[in-house]
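Residue numbers (the UniProt record's numbering): 1 to 83.
Think of the CB as a built atom: it goes at the ideal place given N, C-alpha and C, for glycine as much as any other residue.
Structure below.
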């Protein structure tokens, strides 16, 4: 089944499936890279900077889970509308 015209809701936006996937992959990569950069600030006095090496990958995982749930519900709706 072709999902290129399927719509996925994200916050208040309604993206086409390919656009949504590109956005989510980009966000995941950015959060992982920020986590790697956060390793340089492990000795910082700022709590967020000192813990960025694990906070950013945790946010990336949460984004991936959120994307999987959104896509699951979008596919269910798409299959009901197109069956």
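Proximity winner among 60, 69, 83 and 79, relative to residue 26 (alpha-carbon distances): Comparing C-alpha distances from residue 26 to each of 60, 69, 83 and 79 shows the shortest one belongs to 60.
Alpha carbon of residue 45 to alpha carbon of residue 31, nearest angstrom: Rounded to whole angstroms, residue 45 to residue 31 spans 21 Å at the Cα level.
Nonlocal neighbours in the same chain, by C-beta distance under 7 Å from residue 52, ignoring five residues either side: Taking C-beta separations shorter than 7 Å and ignoring five residues to either side along the sequence, the partners of residue 52 in its chain run 34, 35, 38 and 41, following chain order.
For residue 23, tell me which candidate among 67, 6 and 78 has the shortest Cα-Cα distance. It is 67 whose Cα lies nearest to the Cα of residue 23.
Whose C-alpha, out of 2, 21, 4 and 56, is nearest the C-alpha of residue 69? Nearest option by C-alpha distance: 21.
CB-CB under 8 Å to residue 6, same chain, minus the five flanking residues each way: which ones, in chain order? Around residue 6: 16, 17, 74, 75 and 78.
Taking only the alpha-carbon atoms, compute the straight-line gap between residue 8 and residue 14 and give it to the nearest angstrom. Cα-Cα distance, rounded: 6 Å.
Proximity winner among 4, 10, 2 and 3, relative to residue 64 (alpha-carbon distances): Measuring from the Cα of residue 64, the nearest candidate turns out to be 10.
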